[in-house]
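Below is one structure, written out as structure tokens, with a few remarks after it.
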Amino acid sequence: MANNKVKVSDLAKSLGMTNAEMLELCKANNVAAKTPQSTLVEAFVPMLKRKAQLAGLVRDVVVEEEKPVKKAAAKAATPVVEAPAVAPVVEAPAAVAPVVETPVVKPVVEKPAVAPAVVAPVVVAPVVETPVAKSGTVTSARTTTPRETPRDVTRESPRPAATGGASATPAARQVPPPPGRPVSPTGRPVPPPPGRPMSATGHPVPPPPGGPRTAPAPSARPSGTGYGGPRTGAPRPAGAYGAPRPGAGPRPAGAYGAPRPGGPGGAPGAPDGAPGGPGGGRPGGGPGRSGGPRPSGGRRAPRSGGRRRRRGEDDLQASTIAYSEDSAPVPEGTVVIERGVSSQEFGPRLNRTAADVVRFLFKNGEIITATMTLNDEQMELFAIEIGAEILLVEPGQQEEMELQALFDDSDDEDEAAQQLRPPVITVMGHVDHGKTTLLDKIRNANVVAGEAGGITQHIGAYQVLQNGKKVTFIDTPGHAAFTQMRARGAQVTDIVVLMVAADDGVMPQTIEAISHARAAGVPMVVAINKVDKENADVQRVLAQLAEQQLVPESWGGDTICVEMSAQQNLGVDDLIEQLTIVAEVEELTANPTGRAKGIVLEANLDTGRGPVATVLVDKGTLRVGDPIVAGGAWGRVRAMIDDKGQQIKEAGPSTPVQVLGLSTVPQAGDEFRVAPDEKTARTVGEAREHRLRAKAQRGDARVQRGVKLEDVFSQIQAGEVATLNLVLKADVQGSLEAVTESLRRLERDEVKLAFVHRAVGGVTENDITLAAATNATIISFNVRPDRKARDLAEAEHVEIRSYEIIYKLLEDIESAMIGMLAPEYEEIVTGEAEVRDIFRVPKLGAIAGCYVRSGQINRGTKVRFIREGVIIWKGAITSLRRFKDDVREVREGFECGIGLSDFQDLKPGDLIETFEDKLVVRT
628 MANNKVKVSD LAKSLGMTNA EMLELCKANN VAAKTPQSTL VEAFVPMLKR
678 KAQLAGLVRD VVVEEEKPVK KAAAKAATPV VEAPAVAPVV EAPAAVAPVV
728 ETPVVKPVVE KPAVAPAVVA PVVVAPVVET PVAKSGTVTS ARTTTPRETP
778 RDVTRESPRP AATGGASATP AARQVPPPPG RPVSPTGRPV PPPPGRPMSA
828 TGHPVPPPPG GPRTAPAPSA RPSGTGYGGP RTGAPRPAGA YGAPRPGAGP
878 RPAGAYGAPR PGGPGGAPGA PDGAPGGPGG GRPGGGPGRS GGPRPSGGRR
928 APRSGGRRRR RGEDDLQAST IAYSEDSAPV PEGTVVIERG VSSQEFGPRL
978 NRTAADVVRF LFKNGEIITA TMTLNDEQME LFAIEIGAEI LLVEPGQQEE
1028 MELQALFDDS DDEDEAAQQL RPPVITVMGH VDHGKTTLLD KIRNANVVAG
1078 EAGGITQHIG AYQVLQNGKK VTFIDTPGHA AFTQMRARGA QVTDIVVLMV
1128 AADDGVMPQT IEAISHARAA GVPMVVAINK VDKENADVQR VLAQLAEQQL
1178 VPESWGGDTI CVEMSAQQNL GVDDLIEQLT IVAEVEELTA NPTGRAKGIV
1228 LEANLDTGRG PVATVLVDKG TLRVGDPIVA GGAWGRVRAM IDDKGQQIKE
1278 AGPSTPVQVL GLSTVPQAGD EFRVAPDEKT ARTVGEAREH RLRAKAQRGD
1328 ARVQRGVKLE DVFSQIQAGE VATLNLVLKA DVQGSLEAVT ESLRRLERDE
1378 VKLAFVHRAV GGVTENDITL AAATNATIIS FNVRPDRKAR DLAEAEHVEI
1428 RSYEIIYKLL EDIESAMIGM LAPEYEEIVT GEAEVRDIFR VPKLGAIAGC
1478 YVRSGQINRG TKVRFIREGV IIWKGAITSL RRFKDDVREV REGFECGIGL
1528 SDFQDLKPGD LIETFEDKLV VRT
């Protein structure tokens, strides 16, 4: 098919036309062609050729020979540079005659001395430059060079030759052959050039953009080969818009409709005295043009956009879709791939292209593109199809696996180094069931007395010595807000002690603790506490435990249950004995010689000590000076403090300690590791911190132009969704996490929460400034602002709410938000009456005689009239009578007369329905 089509540019070149002329001709003859690169059906080519000949647009085409021209141009340029000042220009035309008679370039090049030095730049240079000189003397007005002579004259003599023009013209006309119709190299007469070409529709064809082009102009603009002969680097003189340049006729494609330089048929130039020459393209306008910068003032033909536009269109061609071969190798082993990737990212990981993935899913009924996100099922199906094994992980988890590879875990696999370690026992249960009291009795301490509200709001870790053996206890909060703390306690423990009060029984947080223990896969020992109380019912507790699949040993099950009273110190020793037996059965071991690793139980920001993390060592030994990484925090261990407040130098497995020296406060639940060196610790910590910061920025996108808590109601009344911005500060990381999750549950459709900033530590002046800028309310939990912060808050009108007990905080915020919600009303139908008759009473209007079908009709209540199921009026009852007596209400089964406020269009058979709006309490 490609052989039956011709490009517009090729056809234009074959006819000696410009691309613009050919496009205009195609448009005039309804031939579809938009660019010079457009293709034409071969059937249109003869017709376009005929139209071009009729319009006089066909010109002869000169065949170029680039290499000889360059050499000749170089030789001919030599006398031009060294020529002295030009003598009277009148003698220049006299030298044209021998040049016209010379058909070959060579003799002219070999005998530059025949003419005076003045003649050399005028005659020899353009003839040597023009490749047509080998076959003839004169070419068409479009294909030869007329203007190098005036250019050289202008360059050598800045003053244009204006004198003697009249005498020069007759001398030029005596040159043979006479100025008749010029003959082309093939012997055919050359038609005279048209004044201005016209299209078939009568519209003028725009001027050509400087002549035909075959190659891009070089950036350095050296003297090159073109239809106009050699050009030097001198600036080109130019006149005003449309005016001729000095010493030359009208510029090519310059003044519209004027003949080109040299006149038609190679006649001498314009009457201003400039020597003429054969007409041709604009010097330097074609490929290989050279010369200096164009002076301002002249009009430049449009030329720059076409070539770049065509090149851009070629670049936009659709690329070939590449499919992999069926025999392409599949990656060996498991390939880790993050969720949420596209086909472009997923395919190369399995040595396939995105097109392979899209084609496979398309065959299976999934229409996707290469940039759309793939779900887990789509990736797994494609992996099964090609026989690859993949592991899908969350975004960022693959990077975390690469970071984990920087640590050396070879010590953990050394079986010979394994030794028995103390058991880690976590006490869990519902709030106020005696967990902390039990630990106080075991430790001979009184932690309960120092807790706000008498409830535990932090996770605590202690190590005690029982029967010559160390035992580590972890105390977890029982309040519903501390779910994450209980989950962490279950994950790091070896044995769970489930505290159940004999008077309360199994409660919601008890069931949650059972779920956490089962998820962690650790054994449970049930401690039934408060058996000394009068309303204690142990059998009821055992029955409730059996409902949770915890069958006591006394009932034939395998769950150890111990009856005790922590307050009276009854049964505590029995519980410790049972725990020791379970620990021995579990055979808990660890390698104390390797690098330490474990988990962060709690973290806080201390004013004097900086970031402090409470960690539990799981394996290895942690020593002062070790490089450590905990989540996004890293540093060297500057000091370690045990649960008794004493500094220690090292901590072995199952030992809880406070660590100082981290760069920032880690998240509770993060794993800590001892790195090989500080550089590795820094690399891992900063990579994690960067990922956490990016995640936090995505989460803070909800922060908008918020309102204060007292301004929420005004926005709700205005029908807007209020966003309550909060700055949350807490004493420890676990409490911060618990308060955040609890406050998120308080969101309503009308009130949204956005956390501008959450951090551990006291309320500072920076927090006040941030809250003032974002119109936020500051919530402080177990921390207080200092005096400067309070003064700044008063000046900036920033509200600070401080709490020490979490359920007080939640109750306060919830009641404030609920109280500010817009009231909701529920419509309740109170009665229904049927209109039996209509009575017209003077001055009162229509009175409806009704029969009460259900409920009761009260005077003053809201009413609506229903006719054939359609509500036709709403209003209120103005009068209610039974016979002649005014009454306040009429019950079901009685007749009455009802007077309405402003509705008189009553008909028998209508229904009167009374209703009232009842306020619904928001929860």
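My numbering applies: residue 628 is where the sequence shown begins, and numbers increase by one.
Where is the CB? At the ideal position from N, CA and C, for every residue including glycine.
All figures in this text were calculated on a predicted structure; none of them were measured in a lab.
Check	Outcome
Rounded distance between the beta-carbons of Arg1509 and Arg1486, thought under 8 Å	About 11 Å separates the two Cβ atoms, so there is no contact after all.
Leu1351, DSSP secondary structure in three states	strand
Euclidean distance between Cα positions of Val1383 and Gly1061	37 Å
Any 3 or more C-beta pairs closer than 8 Å across the stretch 1450-1468 and the stretch 1421-1437	no
Cut-off 8 Å between Cβ atoms - residues of its own chain near Lys1534, not counting five sequence neighbours on either side	Val1462, Ile1465 and Arg1494
Contact the stretch 1204-1215 vs the stretch 1008-1028: 3+ CB pairs below 8 Å	no
Status (buried if at least 16 other CB within 10 Å, exposed otherwise) for Leu667	buried
Chain-order list of residues whose beta-carbon lies under 7 Å from that of Lys1271 (same chain, five-residue window excluded)	none
Which of helix, strand or coil DSSP assigns to Tyr950	coil
Whole-angstrom distance between Gln1195 and Val1127, CA atom to CA atom	16 Å
Option nearest Gln1294 by Cα separation, candidates Gly1526, Ile1268, Arg1385 and Lys1379	Arg1385
Alpha-carbon to alpha-carbon, Arg1318 and Arg979	29 Å
Status (buried if at least 16 other CB within 10 Å, exposed otherwise) for Trp1261	buried
Residues near Met1134 in its chain [Cβ-Cβ closer than 6 Å; skip 5 each side]	His1057
Buried versus exposed call for Asp1102 [16 or more other C-beta atoms within 10 Å across all chains shown]	buried
Spatial neighbours of Glu1305 in its chain, beta-carbon cut-off 6 Å, leaving aside the 5 residues before and after	Pro1254
Coarse secondary structure for Val1212, derived from DSSP in three states	helix
C-alpha distance - Pro958 paired with Glu952, whole-angstrom precision	15 Å
Those residues which DSSP pairs with Leu638 across a bridge	Leu638 pairs with nothing; no bridge assigned.
The stretch 1296-1312 contacting the stretch 1266-1284, beta-carbon criterion three pairs below 8 Å	no
Close-in-space but distant-in-sequence residues of the same chain around Gln1285 (CB under 6 Å, 5 per side omitted)	Val1239, Thr1241 and Ile1268
Of the residues Leu1228, Pro1050 and Tyr1478, the one placed nearest Val1091, counting alpha carbons only	Pro1050
Exposure of Thr1404, with buried meaning 16 or more beta-carbon neighbours within 10 Å	buried
Extent of the continuous beta strand (DSSP E) run through Gly1476	Gly1472 to Asn1485
CB of Ile1141 within 9 Å of CB of Leu1177, strictly	yes
Residues near Val672 in its chain [Cβ-Cβ closer than 6 Å; skip 5 each side]	Val633
Contact between the stretch 640-649 and the stretch 677-685 (3+ Cβ pairs under 8 Å)	yes
Limits of the unbroken alpha helix (DSSP H) element including Gly1183	Here Gly1183 belongs to no alpha helix (DSSP H), and DSSP marks it neither H nor E.
Limits of the beta strand (DSSP E) - the one that Asn1231 falls within	Lys1224 to Asp1233
Range covered by the beta strand (DSSP E) that runs through Gln1285	Pro1283 to Leu1289
Whole-angstrom distance between Gln1136 and Asp1130, CA atom to CA atom	15 Å
Burial state of Leu1546 (16 or more Cβ within 10 Å)	exposed
Cβ-based burial, Gln1273 [other Cβ within 10 Å; buried from 16]	exposed
Collapsed DSSP secondary structure at Lys676 in the structure displayed	helix
For Asp1003, the first and last residue of its enclosing alpha helix (DSSP H)	Asp1003 to Ile1013
Distance CB(Gly1524)-CB(Ala1475) smaller than 9 Å	yes
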